[in-house]
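Residue numbers (this note's numbering): 519 to 636.
Cβ atoms here follow ideal geometry from the backbone N, Cα and C, with glycine treated the same way.
These figures come from a predicted structure and were not determined experimentally.
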């Protein structure tokens, strides 16, 4: 059974950094497009960052561009999201995902909470 498991969430002060990781079982990230999404309280889940399977090209939401970096470690079969200069508005549950499309992935993790205090 395919499982994606996120880790690395927590509480951080504004301006700080966090690194989220996502590990997979029964799935090789190298053969999928990979993504991170987030869902803030009372809001819809939105795209944060993604990496194309074919080219490794990365895409970011405007709100996180130049602050967040998505990466993939094929040897460890993990994907990461390095988050710098965090803001209170980054507070959300963050989900890793995999699929043919980075915008509409089929496989999802259970989510990890990130809280940024002001």
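Local conformation of residue i per DSSP, three classes
i	result
residue 636	coil
residue 553	strand
residue 598	strand
residue 608	helix
residue 539	strand
residue 525	strand
residue 589	strand
Test item: CB-CB of residue i and residue j under 8 angstroms
i	j	result
residue 596	residue 541	yes
residue 623	residue 553	yes
residue 632	residue 527	yes
residue 611	residue 630	yes
Presumed contact (8 angstroms Cβ cut-off) between residue i and residue j, rounded CB distance
i	j	result
residue 551	residue 604	Rounded, the Cβ-Cβ distance is 25 angstroms, inconsistent with contact.
residue 601	residue 536	5 angstroms
Residue from the options whose Cα sits closest to the Cα of residue i
i	options	result
residue 522	538, 610, 583 and 608	538
residue 581	575, 556, 525 and 630	556
residue 609	625, 626, 566 and 520	566
residue 583	594, 573, 591 and 568	568
residue 576	519, 620, 626 and 549	620
residue 544	519, 561 and 560	519
Same chain, Cβ closer than 6 angstroms to residue i, five either side skipped, listed in chain order
i	result
residue 570	551
residue 589	598
Close beta carbons around residue i, own chain, < 8 angstroms, minus the five adjacent residues each side
i	result
residue 563	555, 556, 557 and 613
residue 524	538, 539, 540, 612, 613, 614, 627, 628, 629 and 630
Beta-carbon proximity list for residue i, same chain, < 7 angstroms, skipping 5 on both sides
i	result
residue 636	532 and 606
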